[in-house]
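Colleague: Can you keep this structure in mind? I'll have questions shortly.
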Amino acid sequence: TGPLQDMNFSVPEGGGVRFIYQFTSKPPAVSFRVTGETDGIIELAPRKGILYLNGSLDWENKTEHRLQVESLDEEGSVVEGPCAVTIHVLDINDNPPVFDQPQYTGVVRQNSRPGKPFMYVHATDRDDPTTPHAQLTYSILHHFPNPYPEMLFQIDSVTGAISPSRTGSYYLDPQKQDTFTLVVTAKDMAGMTTNAFTSSTDVIITVKESLWKAPPTIHILENSTQVHPVNISQVHSNEPDVTFDVFEKEKLPRLPFSIDQDGVIYVTEPLDREEKDAYTFFVVTKDKEGELVDKPLQIHVIVEDINDNPPVCQQALTVLEVQENEGAGSSIGTVFATDMDQEDTLNSRLLFSIQSQVPAIPTGQLFIIQQDTGVLQLTSQSLNRGMASNYTLKVLVSDTAFQTVCDVQVHVIDINDQIPIFERSDYDSVTVAENLPVGTVLLEIQATDGDEPGTGSSYIIYQVKEGDPNNTFIIETDSETNRGFLKVNKALDFEAAPAYDLVINATNPEPLVSGVQYNSSSLATFKVFVTDVDEPPVFHKPVYKEEVSEDIPVNTLVVTVEASDPEGDSVRLKQLSWSHLPQVLWRSLGFLQCFQHQSFLPLSSSIARKMLIFLAVLVLHLKDVNDNPPGLDTDNPPFFCYPLSGGERALIKAVDADELWWYSTFTFTLADDLHTRSNWELSKVNATHAYLSPKHTGFEEKVYYVPVTVNDNGKPPLQGEVNLPVNICKCSSEMSCF
Numbered sequence: 002t003g004p005l006q007d008m009n010f011s012v013p014e015g016g017g018v019r020f021i022y023q024f025t026s027k028p029p030a031v032s033f034r035v036t037g038e039t040d041g042i043i044e045l046a047p048r049k050g051i052l053y054l055n056g057s058l059d060w061e062n063k064t065e066h067r068l069q070v071e072s073l074d075e076e077g078s079v080v081e082g083p084c085a086v087t088i089h090v091l092d093i094n095d096n097p098p099v100f101d102q103p104q105y106t107g108v109v110r111q112n113s114r115p116g117k118p119f120m121y122v123h124a125t126d127r128d129d130p131t132t133p134h135a136q137l138t139y140s141i142l143h144h145f146p147n148p149y150p151e152m153l154f155q156i157d158s159v160t161g162a163i164s165p166s167r168t169g170s171y172y173l174d175p176q177k178q179d180t181f182t183l184v185v186t187a188k189d190m191a192g193m194t195t196n197a198f199t200s201s202t203d204v205i206i207t208v209k210e211s212l213w214k215a216p217p218t219i220h221i222l223e224n225s226t227q228v229h230p231v232n233i234s235q236v237h238s239n240e241p242d243v244t245f246d247v248f249e250k251e252k253l254p255r256l257p258f259s260i261d262q263d264g265v266i267y268v269t270e271p272l273d274r275e276e277k278d279a280y281t282f283f284v285v286t287k288d289k290e291g292e293l294v295d296k297p298l299q300i301h302v303i304v305e306d307i308n309d310n311p312p313v314c315q316q317a318l319t320v321l322e323v324q325e326n327e328g329a330g331s332s333i334g335t336v337f338a339t340d341m342d343q344e345d346t347l348n349s350r351l352l353f354s355i356q357s358q359v360p361a362i363p364t365g366q367l368f369i370i371q372q373d374t375g376v377l378q379l380t381s382q383s384l385n386r387g388m389a390s391n392y393t394l395k396v397l398v399s400d401t402a403f404q405t406v407c408d409v410q411v412h413v414i415d416i417n418d419q420i421p422i423f424e425r426s427d428y429d430s431v432t433v434a435e436n437l438p439v440g441t442v443l444l445e446i447q448a449t450d451g452d453e454p455g456t457g458s459s460y461i462i463y464q465v466k467e468g469d470p471n472n473t474f475i476i477e478t479d480s481e482t483n484r485g486f487l488k489v490n491k492a493l494d495f496e497a498a499p500a501y502d503l504v505i506n507a508t509n510p511e512p513l514v515s516g517v518q519y520n521s522s523s524l525a526t527f528k529v530f531v532t533d534v535d536e537p538p539v540f541h542k543p544v545y546k547e548e549v550s551e552d553i554p555v556n557t558l559v560v561t562v563e564a565s566d567p568e569g570d571s572v573r574l575k576q577l578s579w580s581h582l583p584q585v586l587w588r589s590l591g592f593l594q595c596f597q598h599q600s601f602l603p604l605s606s607s608i609a610r611k612m613l614i615f616l617a618v619l620v621l622h623l624k625d626v627n628d629n630p631p632g633l634d635t636d637n638p639p640f641f642c643y644p645l646s647g648g649e650r651a652l653i654k655a656v657d658a659d660e661l662w663w664y665s666t667f668t669f670t671l672a673d674d675l676h677t678r679s680n681w682e683l684s685k686v687n688a689t690h691a692y693l694s695p696k697h698t699g700f701e702e703k704v705y706y707v708p709v710t711v712n713d714n715g716k717p718p719l720q721g722e723v724n725l726p727v728n729i730c731k732c733s734s735e736m737s738c739f
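In this note's numbering, the protein residues as written are 2 to 739.
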C-alpha cells in the first residue's frame, strides 16, 4: 500500500488471481482509473485502489505491461496522474522442450569410428533463453534392443550429436541387428534439477552392410480376417538365381510361415496370441545344387493382441462386510476381474460401474465404485442394519469390446461396542521342563464377547501383553468357540529365563466404537515356571570356515574348534564312530582325525577339492593349484563343408580341469612340421578360443588329424598336445555333415 506514483512491479507468470498493490488517495480523490496494456487481465478496484490480476500472466505472449493510473474526484476529474505503472512479467519454467521432429531416422555403417556423429537431434524451449529454463541437455533414456552391457550409441549432451560408442563401433553388425530404436530425451534447467521438464523422441537407426540381412521383428495382429497367405516381409540375397527356404528348430506341429522365390515371407494362417505370442524360424538360400549360399537368417515374429477376450470375474460371488456406522467414502472392498488379452494394453483395461442395487432405496445408491480399480465405497448416506442386513449389487465390468456382470453381496455387520471379558482373571501357574517340545499347549483360556457372533466385532484375538519379551509363547484362537490355546513358540531355556509372569489380553480385530475402551476385564494373568534339564554341550560357532591349498602337507593344522556346556561342566572332544555317520559323510570325513584332549583338526592325508562337515559344520574350501595340463574340447570337433571355397574357419576351444584363475590366456600353436603348417593355420580369438583355418581348397572329403599344442601359461605353465580330428564333409541345409 502506498501513494499514487510511477512504479515498477516484477510478477511471475501464471498463478491466477493475485493482489499486486493498493494505491492510497489524497482528497478530494475518491476513486482510481487504470488504462494501458491491461489485456483483460490487469484490473483496478476503483474505490479501494487495489491493483490486481484476474487471470494469469504469460511471459511467452508478453514480457511487460505498461499502464497509466489516475485518481479521480466525485465528478470524475483527474486529481493525480496519470502515473506510469509497469508490470514486468518474470518467466517461470512452464514449457517443456520440443524436438524439431516427432521421430528421427539415421543410417550408420558397420565399424564406424567411435565418437564420430552420423546424425543430430535438436529441440527448442519457449522459455526465457537467458535463464536455465531454456538450457537443454540431451541424453539417451532407452536403447532397444541392447544386447550388450554397454550402450552401442552415445549422444553429446550439448549438441545432440549421436555417434557409435566404443562398444558399438566394435559390435555393430547388420547381420545380427540392423535396426535400433533410441529414446532420446531433452531436459531443461540444464539438467540440474528434478523439477525440470523432459521431452523425448524416438530415433530409428539403420545399420547398413549387405542386402542379406534379417528383417526387424515382424508384428502380426492375431486372428486376422485377411485372405491368407499374407505378405509380412521380404529378404534379399546378395547372389542371383538362388532359391529361398524356411525351417524351424522348435519342432512345432506346423510352421505357419512360408517364403516364395522372390524372398517374400508369408504368414499362411491366422495366429492366436493366447496360444503362442512369438515365433522364431530361419530363412536360407540355396544354389541350383541345393548347397547353402548365405548364412541362415533368424526371423522373429511377435503376435500382437486384439481384443478378443471378455472380462472374467475373479469370484462367482464377491462377499464384503461393512459396519453400519462406517463413514461416507469408506472403502469396503474390491471387485476383482481379469482379462486374457495382453497385459498393460487398452484391450485388457477394465472399467467398473454399478448396474443395480437390491434392495433399492428412494434416496439413491448407497455405494459407488471406482471405475478403474473396482474399489467399492460408501456414499454420503449411512447404512442401517435394521433396514437391510444385506445388499446385492450387479457390477458391470467392461473393456473396449466386451462386458461382464459380477455379483457382489454386501453384509452390514454390527458395530463393535462390547469388549471381550475373561471368565477368569487369574489362571494360576504351571511348572514345565525346559526341554518341553515347541508347540505344546500349556493353557486353555476363554473370554466372551457380546457383539454379533461370527463377525470381526465378536472374534477374539489373544496376545501375551507383558512378561514375554522374546515371544517364547504364542496364543491361537479357535474361531468356532473363541477359545484360546497358549503354546510354546520357542525352545525354553532354564538358564536364560527360569520363570515367566504373563499378562494376557483379549481384543477384537474390528476397532471399538468411539467411547468404548478395553479394560481390566479383558486381561488375565498366568505364571510359567521352568525346571532345569541337563543339556548337551554346544559349539561356540555353528559353522567353521577355513581355506587351504589342495597340496597342503600332511598334519598341517587346519582349524581350532571350541565347545562349552550350558551348565558349566567340562567338555572334551571325541572322534565319532564312522557307523554313526551317513555313508556319504563317512567318505567326506575319512581323511580327518580329531585328538581327544585338544580341538585341533590336522589333515591325515593329501586331499582333493571338497567340502567337510564335522559336528558343528566345518566348511573347508580348497584352493586349486595348477596340476592339470590343458587340452581341446573334442566333443564337438570342427568340420568344413566339402568342397571348400576359401575363407572358412572353425572355432576351437581350450579346456583345463584347473580353475580359471591359474591362467590369463591359453596359447595355441601347430606342430612344427612342414606338412601341418602348409595346410592349416591358427588365429587367436580370446583367452580360451582360436580359429582353425585351412590354407587352401584342395582338401579331400575325409577326416584329418591336426596336431595342436595348448599352453595354459599358469604357475607353473603346463602344456598339452592334441591330435584334433577335423572332418571335411558334405553338408545338409542345416549346416551339419550328412
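No residue lacks a Cβ here, since even glycine has one placed at the ideal position from N, Cα and C.
Going straight from the alpha carbon of Val-336 to that of Gln-372, what length do you get?
Modeller: 11 Å
Colleague: Under three-state DSSP, which class holds Cys-730?
Modeller: Note: Cys-730 maps to strand in three-state DSSP.
Colleague: Which same chain residues, not among the five before or five after Glu-424, have their C-beta less than 6 Å away from its C-beta?
Modeller: Gln-447
Colleague: Looking at C-beta atoms only, is the number of pairs between the segment 271-279 and the segment 220-237 that lie closer than 8 Å three or more?
Modeller: The segment 271-279 vs the segment 220-237: in contact.
Colleague: Just to confirm the assignment, what range does the beta strand (DSSP E) spanning Thr-698 have?
Modeller: It is not in any beta strand (DSSP E) - Thr-698 carries neither H nor E in the DSSP assignment.
Colleague: I need the straight-line Cα distance from Phe-198 to Asn-94, nearest angstrom please.
Modeller: The C-alpha of Phe-198 lies about 8 Å from the C-alpha of Asn-94.
Colleague: Taking all protein chains shown into account, decide if Asn-9 is buried (16 or more other Cβ within 10 angstroms of its Cβ) or exposed.
Modeller: exposed
Colleague: Contact check, Phe-154 vs Ile-206 under 8 Å by CB: the rounded distance?
Modeller: Between Ile-206 and Phe-154 the Cβ distance is about 7 Å, and since that is below 8 Å, they are a contact.
Colleague: Looking at Leu-443: is its Cβ nearer than 8 Å to the Cβ of Leu-493?
Modeller: no
Colleague: Could you round the C-beta distance between Val-704 and Trp-681 to whole angstroms and report it? I think they count as a contact, below 8 Å.
Modeller: That pair is no contact at about 14 Å.
Colleague: Quick one: what's got a C-beta closer than 7 Å to Ser-580's C-beta in the same chain, skipping five residues either side?
Modeller: Any answer about Ser-580 is weak, because its pLDDT of 45 lies below 50 and its placement is not dependable; what the coordinates show is given next. Leaving aside the five residues that flank Ser-580 on each side, none in its chain has a CB nearer than 7 Å to its CB.
Colleague: Please report the distance separating the alpha-carbon of Pro-312 from that of Gln-404.
Modeller: So the two alpha carbons sit approximately 7 Å from each other.
Colleague: Got a sec, what are the start and stop residues for the alpha helix (DSSP H) Arg-350 sits in?
Modeller: Where Arg-350 is concerned, there is no enclosing alpha helix (DSSP H), given that its DSSP letter is neither H nor E.
Colleague: Is the beta carbon of Thr-668 closer than 8 Å to that of Asn-712?
Modeller: yes
Colleague: Please state the DSSP three-state secondary structure of Asn-680.
Modeller: Helix.
Colleague: Are Ser-646 and Thr-698 close, meaning C-beta to C-beta below 8 Å?
Modeller: Their beta carbons are under 8 Å apart, which means Ser-646 touches Thr-698 by this criterion.
Colleague: Does DSSP put Met-8 in a helix, in a strand, or in coil?
Modeller: strand
Colleague: Helix, strand or coil: which one does DSSP assign to Met-120?
Modeller: The answer is strand: DSSP assigns Met-120 an E or B state.
Colleague: Assess, as a yes-or-no matter, whether the segment 393-407 is touched by the segment 285-305 under the definition of 3 or more beta carbon pairs within less than 8 Å.
Modeller: no
Colleague: Please classify Asn-506 as buried or exposed, where buried requires at least 16 other C-beta atoms within 10 Å of its C-beta.
Modeller: Around the beta carbon of Asn-506, a 10 Å sphere encloses 16 or more other beta carbons of the protein chains shown; the residue is thus reported as buried.
Colleague: Could you check how far apart the C-beta atoms of Ile-370 and Ser-354 are, in whole angstroms? I think they sit under 8 Å.
Modeller: 7 Å
Colleague: I'd like to confirm the pairing. Which residues does DSSP put opposite Ile-303 in its beta bridges?
Modeller: Residue pairing from DSSP places Ile-303 in a beta bridge opposite His-220 and Ala-279.
Colleague: For my contact list, Val-122 and Ile-163 are in at a C-beta cut-off of 8 Å; report their separation, rounded to the angstrom.
Modeller: 7 Å
Colleague: Which parts of the segment 635-678 are runs of the beta strand (DSSP E), unbroken and 3 residues or longer, counting only runs that do not cross its ends?
Modeller: 640-642, 651-656 and 668-671
Colleague: So for Thr-689, helix, strand or coil by DSSP?
Modeller: Here Thr-689 sits in coil by DSSP.
Colleague: Determine which residues share a DSSP beta bridge with Val-549 and list them.
Modeller: Leu-623
Colleague: Over what stretch of residues does the beta strand (DSSP E) that includes Thr-508 continue unbroken?
Modeller: 500-508
Colleague: Are Ser-1 and Met-152 touching if we call contact CB-CB under 8 Å?
Modeller: Given a span of 2 to 739 for the chain in the structure shown, any question on residue 1 remains unanswerable.
Colleague: Examine the Cβ distances between the segment 68-77 and the segment 23-36 and report whether three or more of them are shorter than 8 Å.
Modeller: yes
Colleague: Should His-751 be labelled buried (16 or more other beta-carbon atoms within 10 Å of its own) or exposed?
Modeller: Absent from the model: residue 751. The displayed extent of the chain is 2 to 739, so no value can be given.
Colleague: Rounded to whole angstroms, what is the Cα-Cα separation between Trp-587 and Asp-570?
Modeller: Residue placement at Trp-587 is flagged as unreliable, the pLDDT there being 37, under the threshold of 50; a coordinate-derived value is accordingly withheld.
Colleague: Following the continuous alpha helix (DSSP H) through Tyr-53, name the residue where it begins and the one where it ends.
Modeller: Unbroken run through Tyr-53 is the beta strand (DSSP E), 51-54; no alpha helix (DSSP H).
Colleague: If Pro-644 and Leu-693 are in contact, beta carbons under 8 Å, what's the gap, nearest whole angstrom?
Modeller: With 8 Å as the limit, Pro-644 and Leu-693 do not qualify as a contact, their Cβ atoms being about 18 Å apart.
Colleague: Rounded to the nearest angstrom, what separates Asn-326 and Val-413 at their Cα positions?
Modeller: 9 Å
Colleague: Put Ala-361 into one of helix, strand or coil per three-state DSSP.
Modeller: Ala-361 carries a coil assignment under DSSP once its states are collapsed to helix, strand and coil.
Colleague: Assuming Asn-490 and Ala-402 make a contact with CB atoms under 8 Å, what is their CB distance in whole Å?
Modeller: That pair is no contact at about 54 Å.
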